[in-house]
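Trainee:
Number of protein chains: 2
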Amino acid sequence: MATIRELARRSGVSVATVSRVFNTPEVVSQHTRQRILDLAAEIGYLPNGSARTLATKKSNMVGLVWDTDHRRPGWRHPFLQEILVALKTALSAHGLNLLMLAGHDAAGPDDGQRYVRAVRQHNLDGAVIIDNGTRDPAVLALVEAQVPCVALDLRVDGPTSTYITSDNAGGAALAVRHLVERGHRRIATITGPLRTWPGAERLVGFRAALAGAGLQLADGHVVEGDFYLDGGHAAMDRLLALDDRPTAVFVAGDEMAVGAMRAAQAAGLRIPDDIAIVGFDDIEVAALIPPGLSTVAQNKPGFGTAAAEALVAMLHGGDDPPKPTVLPTTLVVRGTT
Amino acid sequence: MATIRELARRSGVSVATVSRVFNTPEVVSQHTRQRILDLAAEIGYLPNGSARTLATKKSNMVGLVWDTDHRRPGWRHPFLQEILVALKTALSAHGLNLLMLAGHDAAGPDDGQRYVRAVRQHNLDGAVIIDNGTRDPAVLALVEAQVPCVALDLRVDGPTSTYITSDNAGGAALAVRHLVERGHRRIATITGPLRTWPGAERLVGFRAALAGAGLQLADGHVVEGDFYLDGGHAAMDRLLALDDRPTAVFVAGDEMAVGAMRAAQAAGLRIPDDIAIVGFDDIEVAALIPPGLSTVAQNKPGFGTAAAEALVAMLHGGDDPPKPTVLPTTLVVRGTT
DNA sequence: GCCGACAATGTAACCGGTTTCAGGTAACCG
DNA sequence: CGGTTACCTGAAACCGGTTACATTGTCGGC
């Protein structure tokens, strides 16, 4: 393994000069620079990342906090894969790597400082937080420790942190307006967990849009779900048991919407004739399941790229507190409406 | 930021002793050890990972090679999320972290050495390769460079590398036998890309099982697909255009199977009465799409845990070449058969 | 009472870079 | 021709750990 001293010796310069070739190339003369670069390529020299990190305290790595909730074994993010692809691509375009941080599953004590510890131990430059749905104290510790952070779908801010989210309220409004246009008057909703940011916001948007259309929200027409399929099914069952059963339901998550569709079908209802459904997320199944789930689509890669941009801005950029990014949503009309 | 010298000074011992407390605790006296640990907790001392890596050349990090194929923007692994969860959990139980390595998307030259470079630069202890479907030369460079590697669904082996795969041939055989039991005699298959390991093996298993059942494989009853939905659709169209149309199709991937179902339905065929379909993978949609896709299920978390085990065995274990892991598959019968 | 073994700790070199500061050379100016 | 100045390079301290080797002290055996 070639080291910098080896390379310096061979090319007859000092280690300082070699170091400069890789860090501030403009200060070393064209001639020596080229000679060193050629030789470096020849002997296969690569600057050692650990040494560099040790000296500079910058690792060019950001942590990925994605806590696979131990209380909920089947926990899945609706479109983790798309986010990850976009995030990784955008980060590596800036020379940043992504380190997956261990969550609850990690060995060692858990005093709520586990992410902070990991960040300090590895000299991470920042962190991306993919919401686990709850305000994990360990996550909050991260932003309190002034680690540059960008959270997805979790509302955190401060001098060194910001968040990316879809226009949840606006998306919900899109859904409602669409249903109203289709002639529905009795519109219910199955929400996400209301302690989560998207869960809460989509309900806010729903209510506002309903009011905007001059419609009343009937008793029992708001049922809190859990973003999972079975939860959606159960919630729909409750709606269908009502005396003034709604003719349309805005379901705040596609997975729940699929469950809701099943519940409706199990109750012998035809979709969309007897009951219309609009989901949120636009996950893969939405297009596949007959008759096709109308839904509010999120800009999935947008989460990843926006997160990368925001993080880079905080790392390289000035001191002005970063602005949250709100990604626009779009309505996708399929067969359920 | 407390350093080891600071901690040493405060507790009145040498840095060597402090270091030993964290690395070989048994050699330092109970009394001093406790005193140092207490003080460490008090001042919040954490060993610096970079310094440690620099000195020991072990980083306790493994690279994740997951090349999001730039030639195929929509490239998705059928169950990346499940693998990732299991992998991360299993690795962190051994104190290992996962670093996502940049692929084609990275800046800099691409001479096929990009992963090797990344590994050397960060002193990675090993790598997990999530197959991109092709034998990427950059991946092969990794195993040639004697980096401890474990590949998923990609057959690589050598003194420092091994792979994890499902029993693809066996799974295909399960599917065929199931169809035979249902009374089918004219069984066709839509394969994955035959240059991929799972694509090839599933075809092998298919052929063997057919022969084992004493059945002939008719001309044109093997159509190569691409693991994507549209490819499955197109392949099914070709099968349905045949004179001796099959009564059952083994589709070597669920995503393709969904496409195939659509093609069949578009052609006015009833499933499973006019044509039966068995998929492979057991992705989420399989259970959701009516009438429910019968399929060969893979042990998804198994990939992650097995990969972690294999890697740990190579890192800590002896020099005996690691054994590949073949995960059993199971048949899940739903409505398409 | 001396010696060897052993347990606990310290000293200092080393891992492979970065960076401050200073030195040398050549060009330029008055 | 002396003095700036700009440009390029080198010497050496430093980042925060690990570890080979040396040292000290205790104790048991003979």
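So the sequences go chain by chain: U and X. Under our numbering, think of the first position of the first sequence as 945, with each following residue one higher. Under our numbering, think of the first position of the second sequence as 945, with each following residue one higher. Each residue gets a CB set at the ideal place from its N, CA and C atoms; glycine is no exception.
If you draw a straight line from the alpha carbon of residue 969 of chain U to that of residue 977 of chain U, how long is it in whole angstroms?
Mentor: Position 25 of the first sequence, counted from the start, is the residue given in the question as residue 969 of chain U. Position 33 of the first sequence, counted from the start, is the residue given in the question as residue 977 of chain U. C-alpha separation (whole angstroms): 7 Å.
Trainee: Check whether the Cβ atoms of residue 1075 of chain U and residue 1140 of chain U sit closer than 9 Å, and answer yes or no.
Mentor: In the first sequence, counting from the first residue as 1, residue 1075 of chain U sits at position 131. In the first sequence, counting from the first residue as 1, residue 1140 of chain U sits at position 196. Yes. Within cutoff.
Trainee: With H, G and I counted as helix, E and B as strand and the rest as coil, what does DSSP make of residue 1226 of chain U?
Mentor: Within the first sequence, residue 1226 of chain U is the residue found at index 282, counting from 1. In this structure, residue 1226 of chain U counts as coil in the three-state DSSP scheme.
Trainee: Anything in the stretch 976–1004 of chain U with a Cβ closer than 8 Å to a Cβ of chain X? List those residues in chain order, please.
Mentor: Those would be 990, 991, 992, 993, 994, 995, 997, 998 and 1003, in chain order.
Trainee: Would you say residue 1243 of chain X faces chain U, with C-beta separation under 9 Å as the test?
Mentor: One-based indexing of the second sequence puts residue 1243 of chain X at position 299. Closer than 9 Å: no.
Trainee: For residue 948 of chain U, count neighbouring C-beta atoms within 10 Å of its own C-beta (all shown protein chains included) and say buried if the count is 16 or more, exposed if not.
Mentor: For the purposes of this step, residue 948 of chain U is identified with residue 4 of the first sequence, where counting begins at 1. The residue in question, residue 948 of chain U, is buried, as its Cβ has 16 or more Cβ neighbours within 10 Å.
Trainee: Compare the C-beta of residue 1103 of chain U with all C-beta atoms of chain X and state if any pair is closer than 9 Å.
Mentor: As a working mapping, residue 1103 of chain U is identified with position 159 in the first sequence. No, its Cβ sits nowhere closer than 9 Å to a Cβ of chain X.
Trainee: Quick one: what's got a C-beta closer than 7 Å to residue 1097 of chain X's C-beta in the same chain, skipping five residues either side?
Mentor: Here the question's residue 1097 of chain X lines up with position 153 in the second sequence. Here the set comprises 1075, 1109, 1141 and 1142.
Trainee: Classify residue 1242 of chain X: buried if its beta carbon has 16 or more other beta carbons within 10 angstroms, exposed otherwise.
Mentor: Walking along the second sequence from the start, residue 1242 of chain X turns up at place 298. Residue 1242 of chain X comes out buried.
Trainee: Assess, as a yes-or-no matter, whether the stretch 1149–1160 of chain X is touched by the stretch 1174–1182 of chain X under the definition of 3 or more beta carbon pairs within less than 8 Å.
Mentor: Result no; under three Cβ-Cβ pairs closer than 8 Å.
Trainee: Residues in its own chain within less than 6 Å of residue 1057 of chain X by CB, not counting five upstream and five downstream?
Mentor: In the second sequence, the residue the question calls residue 1057 of chain X occupies position 113. Contacts found: 1085.
Trainee: Quick one: which chain X residues come within Cβ less than 9 Å of residue 967 of chain U?
Mentor: Sequence index remark: in the first sequence, residue 967 of chain U carries index 23 (1-based). Neighbours of residue 967 of chain U on chain X: none; closest Cβ ~15 Å, over 9 Å.
Trainee: Using a Cβ cut-off of 9 Å (strictly closer), state whether residue 1041 of chain X contacts chain U.
Mentor: Start at 1 with the first residue of the second sequence, and residue 1041 of chain X comes out as number 97. So, interface residue.
Trainee: Please report the distance separating the alpha-carbon of residue 1188 of chain U from that of residue 1164 of chain U.
Mentor: Position 244 of the first sequence, counted from the first residue, corresponds to residue 1188 of chain U. Position 220 of the first sequence, counted from the first residue, corresponds to residue 1164 of chain U. For residue 1188 of chain U and residue 1164 of chain U, the distance between alpha carbons rounds to 9 Å.
Trainee: Taking C-beta to C-beta, are residue 1204 of chain X and residue 1177 of chain X nearer than 9 Å?
Mentor: For the purposes of this step, residue 1204 of chain X is identified with residue 260 of the second sequence, where counting begins at 1. For the purposes of this step, residue 1177 of chain X is identified with residue 233 of the second sequence, where counting begins at 1. Yes, the pair counts as a contact, with Cβ atoms nearer than the cut-off.
Trainee: Using CA atoms only, rank isn't needed, just tell me which of U:1234, U:964, U:1166 and U:1147 is closest to residue 1114 of chain U.
Mentor: Translated into positions along the first sequence, residue 1114 of chain U becomes position 170. With distances taken between Cα atoms, residue 1114 of chain U lies closest to U:1147.
Trainee: As a quick exercise: from U:1045, U:1214 and U:1280, pick the residue whose alpha carbon is nearest that of residue 1004 of chain X.
Mentor: Numbered from its first residue, the second sequence carries residue 1004 of chain X at position 60. Ranking U:1045, U:1214 and U:1280 by Cα distance to residue 1004 of chain X puts U:1045 first.
Trainee: For residue 1254 of chain U, which residues of its own chain have a beta-carbon under 6 Å away from its beta-carbon, when the five flanking residues on both sides are left out?
Mentor: Within the first sequence, residue 1254 of chain U is the residue found at index 310, counting from 1. Taken in chain order, the residues that qualify are 1094, 1106 and 1266.
Trainee: Is the CB of residue 1154 of chain X under 9 Å away from at least one CB in chain U?
Mentor: The residue you call residue 1154 of chain X lines up with position 210 of the second sequence. Chain U, which has no Cβ nearer than 9 Å to the Cβ of residue 1154 of chain X, makes this no.
Trainee: Check the Cβ-Cβ distances between residue 1178 of chain X and every residue of chain U, and say whether any is below 9 Å.
Mentor: Start at 1 with the first residue of the second sequence, and residue 1178 of chain X comes out as number 234. Answer no: the Cβ-Cβ gap between residue 1178 of chain X and chain U never drops below 9 Å.
Trainee: For a cutoff of 9 Å on Cβ pairs, would you count residue 1229 of chain X as touching chain U?
Mentor: Numbered from its first residue, the second sequence carries residue 1229 of chain X at position 285. Output row for residue 1229 of chain X: interface = yes.
Trainee: What are the complete beta strand (DSSP E) segments, minimum 3 residues, inside the stretch 1149–1218 of chain X?
Mentor: Within the stretch 1149–1218 of chain X, the complete beta strand (DSSP E) runs of at least 3 residues are 1166–1168 and 1192–1195.
Trainee: Mind checking if residue 1046 of chain X is an interface residue toward chain U, Cβ cutoff 9 Å exclusive?
Mentor: Numbered from its first residue, the second sequence carries residue 1046 of chain X at position 102. Judged by the 9 Å Cβ criterion, residue 1046 of chain X is in contact with chain U.
Trainee: Judging by CA-CA distance, which residue of U:1244, U:1279 and U:1033 is the nearest neighbour of residue 1270 of chain U?
Mentor: For the purposes of this step, residue 1270 of chain U is taken as residue 326 along the first sequence, with counting starting at 1. Closest by alpha carbon: U:1244.
Trainee: Looking only at its chain, what residues have a beta carbon closer than 8 Å to the beta carbon of residue 958 of chain X, apart from the 5 residues adjacent to it on each side?
Mentor: Indexing the second sequence from 1 puts residue 958 of chain X at position 14. Around residue 958 of chain X: 952.
Trainee: Using 9 Å as the threshold, is the C-beta distance between residue 1027 of chain X and residue 1229 of chain U below it?
Mentor: In the second sequence, residue 1027 of chain X corresponds to position 83, counting from 1. In the first sequence, residue 1229 of chain U corresponds to position 285, counting from 1. No, the Cβ-Cβ distance between residue 1027 of chain X and residue 1229 of chain U is not below 9 Å.
Trainee: For a contact defined as C-beta to C-beta under 7 Å, what are the partners of residue 1234 of chain X on chain U?
Mentor: To locate residue 1234 of chain X, count along the second sequence from 1; it is residue 290. Neighbours of residue 1234 of chain X on chain U, chain order: 1234.
Trainee: Looking at chain U, is there any beta carbon in it that lies within less than 9 Å of the beta carbon of residue 1090 of chain X?
Mentor: The count along the second sequence starts at 1 and reaches residue 1090 of chain X at position 146. False, the Cβ-Cβ gap to chain U never drops below 9 Å.
Trainee: Are residue 1326 of chain X and residue 1166 of chain X close, meaning C-beta to C-beta below 9 Å?
Mentor: Given that chain X is displayed from residue 945 to residue 1281, the structure contains no residue 1326 of chain X and the question cannot be resolved.
Trainee: CB-CB under 7 Å to residue 1145 of chain X, same chain, minus the five flanking residues each way: which ones, in chain order?
Mentor: Here residue 1145 of chain X refers to the residue found at position 201 when the second sequence is read from its first residue. Excluding positions up to five away in sequence, the list reads 1112 and 1113.
Trainee: Ignoring anything shorter than 3 residues or poking outside the stretch 952–999 of chain U, list the beta strand (DSSP E) runs there in chain order.
Mentor: Within the stretch 952–999 of chain U, no complete beta strand (DSSP E) run reaches 3 residues.
Trainee: Which residues in the same chain as residue 1248 of chain U place their Cβ atom closer than 8 Å to its Cβ, once the five residues preceding and following it in sequence are excluded?
Mentor: Within the first sequence, residue 1248 of chain U is the residue found at index 304, counting from 1. These residues qualify, in order along the chain: 1026, 1027, 1028, 1029, 1030, 1031, 1032, 1033 and 1034.
Trainee: Quick one: residues in its chain with C-beta nearer than 8 Å to the C-beta of residue 1225 of chain U, no 5 flanking neighbours on either side, listed in chain order?
Mentor: Here residue 1225 of chain U refers to the residue found at position 281 of the first sequence. Result list for residue 1225 of chain U: 1022, 1023, 1197, 1198, 1199, 1239, 1240, 1241 and 1242, in chain order.
Trainee: Under 9 Å between C-beta atoms, does residue 1238 of chain U make it to chain X?
Mentor: As a first step, residue 1238 of chain U is located in the first sequence; it is residue number 294 there, counting from the start. Not an interface residue.
Trainee: Looking only at its chain, what residues have a beta carbon closer than 7 Å to the beta carbon of residue 946 of chain X, apart from the 5 residues adjacent to it on each side?
Mentor: Working through the second sequence from its first residue, we reach residue 946 of chain X at position 2. For residue 946 of chain X, where only same-chain residues beyond five positions count, the Cβ hits under 7 Å are 987, 988 and 989.
Trainee: For residue 1119 of chain X and residue 1194 of chain X, which I take to be in contact (beta-carbon distance under 8 Å), what is that distance rounded to the nearest angstrom?
Mentor: Position 175 of the second sequence, counted from the first residue, corresponds to residue 1119 of chain X. Position 250 of the second sequence, counted from the first residue, corresponds to residue 1194 of chain X. Their Cβ separation, rounded to whole angstroms, is 5 Å, which keeps residue 1119 of chain X and residue 1194 of chain X in contact under 8 Å.
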